[in-house]
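Read through the structure below, which is laid out as structure tokens, and then see the notes.
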Amino acid sequence: MSLAQSAVIAGVYEHPTRWAPEKTAYQIHAESARGALADAGLTIKDVDGYLTAGVSPLGVMTLAEHLDLNPRYLDSTQIGGSSFVAHVSHAAAAIAAGLCEVALITYGSRASSERFAVGTGGQSPNDPPDQFEAPYGPTLIGAYAMCAQRHMHEFGTTAEQLAEIAVTTRRHAALNPVAKFRDPITVDDVLASRVVSSPLHLLDCCIITDGGGAVVVTSAERGRDLKKRPVRILGAAEALCHTSSGVRDLTAMAAKQSGPRAMAMAGVAHSDIDMCMLYDSFTITVLATLENLGFCRKGEGGAFVQNGRIGLGGALPINTDGGGLSSNHPGMRGIFLVIEAVKQLRGECGPRQVNNCRIALCHGTGGMLGLRHSGATLVLASA
Amino acid sequence: MAEAKSAKPLPRVDEESKGFWEACRRHELYLQRCRDCGRFRYYPRALCPQCLSDRTDWVLSSGRGSVYTYTVTYQNQAPGFRESLPYVLAYVELDQGVRLLTNIVGCAPEQVSIGMPVQVVFDDLTPEIALPKFQPAEG
Chain S
1 MSLAQSAVIA GVYEHPTRWA PEKTAYQIHA ESARGALADA GLTIKDVDGY
51 LTAGVSPLGV MTLAEHLDLN PRYLDSTQIG GSSFVAHVSH AAAAIAAGLC
101 EVALITYGSR ASSERFAVGT GGQSPNDPPD QFEAPYGPTL IGAYAMCAQR
151 HMHEFGTTAE QLAEIAVTTR RHAALNPVAK FRDPITVDDV LASRVVSSPL
201 HLLDCCIITD GGGAVVVTSA ERGRDLKKRP VRILGAAEAL CHTSSGVRDL
251 TAMAAKQSGP RAMAMAGVAH SDIDMCMLYD SFTITVLATL ENLGFCRKGE
301 GGAFVQNGRI GLGGALPINT DGGGLSSNHP GMRGIFLVIE AVKQLRGECG
351 PRQVNNCRIA LCHGTGGMLG LRHSGATLVL ASA
Chain H
1001 MAEAKSAKPL PRVDEESKGF WEACRRHELY LQRCRDCGRF RYYPRALCPQ
1051 CLSDRTDWVL SSGRGSVYTY TVTYQNQAPG FRESLPYVLA YVELDQGVRL
1101 LTNIVGCAPE QVSIGMPVQV VFDDLTPEIA LPKFQPAEG
């Protein structure tokens, strides 16, 4: 039986906090779990599958203890910020295989109040590739910046085109009452902001917040008479991209593999997609993801994001919640891609609602573009 | 300057990489080439990731190449690096075809460009570790 026939998303919850020094990360996980289960009309006692990443290497165990869960399916897949996108398909596969029936995915972090140097900290030199990288001072932003520089060199992509992505998502954030930054910005504002790692300016970079969220995946059968109309999981795929023994193309992303696979499983074409939630660690991440997913040809991403195409009312609205560039980014953003897509497909987004939204695509990127990163694509549809 | 250098992470030399780092200590850049499938690879490792052969030749590199891409880093909060800002992080493509992450030194950051010819130089961090970096090639 296919994923689409087996499993659905029954509930979602985005924690409204962006600053939570008075809470613990575990509390944010638990409050998010409560929210998503309430959204689905289920209780914590219904949960028999649990998936999470990010708290610590063994975080799935400590969090299960914190929630007093005794699940029969566990998954702590940690592939960076895309993890929670991958968790949805892992949960669906587990449900299809009969390993569990109600899977809970939670995320919580206090990146902002704990002052994590998410983008500009050093790297540890311990694993084999790291000993050849860490001594040179790669930051997260620096790794993405080298991809942006190469993209500009090969294709003539401009700083103004990258800035257009930040400006568009800020416009979306203005329509999201819980977004951290809602004041409009212009292309000139982006270009005038300080350069963190050339060619990326501060406003080309995701923000740092506290926050969290949760998603409940259940069987198609169980989903039929829950509180909300379930969202269908039409297609899913994952991929990795690394330096390939020293020959990798730095403008190629894992999305190039996972996107077509997920869309083939879903049986949809690019023209069928009503909106996208794309991991926006940096403006270049969005531009390169659009190209690698095949929404435009390689090198044409700069022109593609101009003239309102990726804004609300455009041909392909993206990151309608304001994204990691303006709404929230507690370190690993994948779960919010799923949450916003589900809300759009259920028509719950108020002033930022995409008209007649039937099919949404989520693509998470985890790790570092330029060094090694993961990609996870989901194609979701309204019931 | 010595203090700033020692604050940066040093490569953790292991059984798979020690041949590379021992050559660097002699200021020689060696690359691995698989004796079975003939492919160069970087970073060094015991088995060829293309064919999993463990028959490896070490080939002396000319140390010449060109800048494939780069970034000028203006913010890094990690000890050792924050004192060195701004610095250039780059991928250099060696004449053998492999690209390695490195720093471009010996010129102002704003002079670096993609395609610029470069030549390896070694930064002696400790008596054991010399880090290969690149500077603009002469001539």
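Heads up: the protein sequence lines correspond to chains S and H, in order.
The numbering of the first sequence is the working numbering, which starts it at 1 and goes up by one.
The numbering of the second sequence is the working numbering, which starts it at 1001 and goes up by one.
Note that CB positions come from ideal geometry on N, CA and C, so glycine has one too.
Exposure of residue i, with buried meaning 16 or more beta-carbon neighbours within 10 Å
{"i": "A1004 (chain H)", "result": "Here the model assigns A1004 (chain H) a pLDDT of 44, short of 50, so the residue's position is not dependable, and the following value carries that caveat. A1004 (chain H) should be labelled exposed."}
{"i": "D1095 (chain H)", "result": "exposed"}
{"i": "S281 (chain S)", "result": "buried"}
{"i": "A1002 (chain H)", "result": "Here the model assigns A1002 (chain H) a pLDDT of 44, short of 50, so the residue's position is not dependable, and the following value carries that caveat. Exposed, since its Cβ has fewer than 16 Cβ neighbours within 10 Å."}
{"i": "S197 (chain S)", "result": "buried"}
{"i": "G137 (chain S)", "result": "buried"}
{"i": "K1018 (chain H)", "result": "exposed"}
{"i": "A341 (chain S)", "result": "buried"}
{"i": "S82 (chain S)", "result": "buried"}
{"i": "N307 (chain S)", "result": "exposed"}
{"i": "Q948 (chain H)", "result": "For residue 948 (chain H) there is no data in the structure shown, the boundaries of chain H being 1001 and 1139."}
{"i": "Q1111 (chain H)", "result": "exposed"}
{"i": "M152 (chain S)", "result": "buried"}
{"i": "T43 (chain S)", "result": "exposed"}
{"i": "K1008 (chain H)", "result": "buried"}
{"i": "I100 (chain S)", "result": "According to the sequence displayed, residue 100 (chain S) carries Cys and not Ile. Per the 10 Å Cβ criterion, buried."}
{"i": "C1037 (chain H)", "result": "exposed"}
{"i": "S219 (chain S)", "result": "buried"}
{"i": "E133 (chain S)", "result": "buried"}
Residue i - partner residues in DSSP beta bridges
{"i": "V1121 (chain H)", "result": "H:K1133"}
{"i": "N1103 (chain H)", "result": "H:L1089"}
{"i": "D75 (chain S)", "result": "S:L51"}
{"i": "S197 (chain S)", "result": "S:L200 and H:T1073"}
{"i": "W1058 (chain H)", "result": "H:Q1032"}
Expected contact under 8 Å - CB spacing of residue i and residue j to nearest Å
{"i": "P230 (chain S)", "j": "A383 (chain S)", "result": "6 Å"}
{"i": "V1092 (chain H)", "j": "S1062 (chain H)", "result": "Going by Cβ atoms, the distance from V1092 (chain H) to S1062 (chain H) rounds to 12 Å, so no, they are not a contact pair."}
{"i": "V1120 (chain H)", "j": "P1136 (chain H)", "result": "The Cβ separation is near 12 Å, so there is no contact."}
{"i": "D204 (chain S)", "j": "L162 (chain S)", "result": "6 Å"}
{"i": "R333 (chain S)", "j": "C241 (chain S)", "result": "Rounded, the Cβ-Cβ distance is 18 Å, inconsistent with contact."}
{"i": "I233 (chain S)", "j": "L3 (chain S)", "result": "5 Å"}
{"i": "T106 (chain S)", "j": "L63 (chain S)", "result": "7 Å"}
{"i": "M265 (chain S)", "j": "A239 (chain S)", "result": "Between A239 (chain S) and M265 (chain S) the Cβ distance is about 13 Å, and since that is not below 8 Å, they are no contact."}
{"i": "L250 (chain S)", "j": "C147 (chain S)", "result": "5 Å"}
{"i": "I208 (chain S)", "j": "H329 (chain S)", "result": "6 Å"}
Short Cβ contact (9 Å threshold) for residue i with residue j
{"i": "G108 (chain S)", "j": "A30 (chain S)", "result": "yes"}
{"i": "K298 (chain S)", "j": "F155 (chain S)", "result": "yes"}
{"i": "T993 (chain H)", "j": "Q149 (chain S)", "result": "The question about residue 993 (chain H) has no answer, for chain H in this structure spans 1001 to 1139."}
{"i": "L1101 (chain H)", "j": "A1108 (chain H)", "result": "no"}
{"i": "G49 (chain S)", "j": "L67 (chain S)", "result": "no"}
{"i": "F1040 (chain H)", "j": "G246 (chain S)", "result": "yes"}
{"i": "G375 (chain S)", "j": "H363 (chain S)", "result": "yes"}
{"i": "S6 (chain S)", "j": "A173 (chain S)", "result": "no"}
{"i": "T1073 (chain H)", "j": "G347 (chain S)", "result": "no"}
{"i": "H15 (chain S)", "j": "L51 (chain S)", "result": "no"}
{"i": "S113 (chain S)", "j": "A214 (chain S)", "result": "no"}
{"i": "I1129 (chain H)", "j": "P1011 (chain H)", "result": "yes"}
{"i": "T77 (chain S)", "j": "G322 (chain S)", "result": "no"}
{"i": "M277 (chain S)", "j": "V178 (chain S)", "result": "no"}
{"i": "D210 (chain S)", "j": "T17 (chain S)", "result": "yes"}
{"i": "G301 (chain S)", "j": "A145 (chain S)", "result": "no"}
{"i": "M368 (chain S)", "j": "L140 (chain S)", "result": "yes"}
{"i": "V190 (chain S)", "j": "A166 (chain S)", "result": "yes"}
{"i": "C206 (chain S)", "j": "G311 (chain S)", "result": "no"}
Residue nearest to residue i in terms of C-alpha spacing, selected from the options
{"i": "W1058 (chain H)", "options": "H:E1022, H:R1082, H:D1014 and H:C1051", "result": "H:E1022"}
{"i": "F394 (chain S)", "options": "S:S6, S:L378, S:Q131 and S:H373", "result": "For chain S, the structure presents residues 1 to 383; residue 394 (chain S) sits outside this window and is missing."}
{"i": "P84 (chain S)", "options": "S:G370, S:L226, S:G331 and S:R346", "result": "Residue identity check: residue 84 (chain S) is Phe in the sequence provided, not Pro. Of S:G370, S:L226, S:G331 and S:R346, the residue nearest in Cα terms is S:G331."}
{"i": "K228 (chain S)", "options": "S:V216, S:R194 and S:A93", "result": "S:V216"}
{"i": "L1060 (chain H)", "options": "H:L1085, H:R1045, H:Y1030 and H:C1051", "result": "H:Y1030"}
{"i": "I318 (chain S)", "options": "S:L287, S:A303 and S:G211", "result": "S:L287"}
{"i": "D46 (chain S)", "options": "S:G54, S:G59 and S:L69", "result": "S:L69"}
{"i": "L104 (chain S)", "options": "S:G35, S:L369 and S:V354", "result": "S:G35"}
{"i": "G1034 (chain H)", "options": "H:F1020, H:C1051, H:P1117 and H:H1027", "result": "According to the sequence provided, residue 1034 (chain H) is Cys. The question's Gly does not apply to it. Answer by Cα proximity: H:C1051."}
{"i": "G313 (chain S)", "options": "S:R352, S:C296, S:F295 and S:N292", "result": "S:R352"}
{"i": "G121 (chain S)", "options": "H:S1084, H:Q1075 and H:S1053", "result": "H:Q1075"}
{"i": "G294 (chain S)", "options": "S:A252, S:T186 and S:M368", "result": "S:A252"}
{"i": "A262 (chain S)", "options": "S:A97, S:L380, S:V12 and S:A25", "result": "S:L380"}
{"i": "T158 (chain S)", "options": "S:A315, S:A303, S:G324 and S:H329", "result": "S:A303"}
{"i": "H87 (chain S)", "options": "S:E65, S:G54, S:R110 and S:F132", "result": "S:G54"}
{"i": "S56 (chain S)", "options": "S:T320, S:Y26, S:R248 and S:V305", "result": "S:Y26"}
{"i": "I1104 (chain H)", "options": "H:V1118, H:P1079 and H:V1098", "result": "H:V1118"}
{"i": "G98 (chain S)", "options": "S:N356, S:N292, S:R222 and S:F116", "result": "S:R222"}
{"i": "M1116 (chain H)", "options": "H:G1080, H:E1016, H:D1124 and H:E1138", "result": "H:E1138"}
Proximity test, residue i beta-carbon vs the ligand ADP heavy atom, cut-off 8 Å
{"i": "L202 (chain S)", "result": "In the structure shown, the ligand ADP is absent, as is every other ligand, since no ligand is present at all."}
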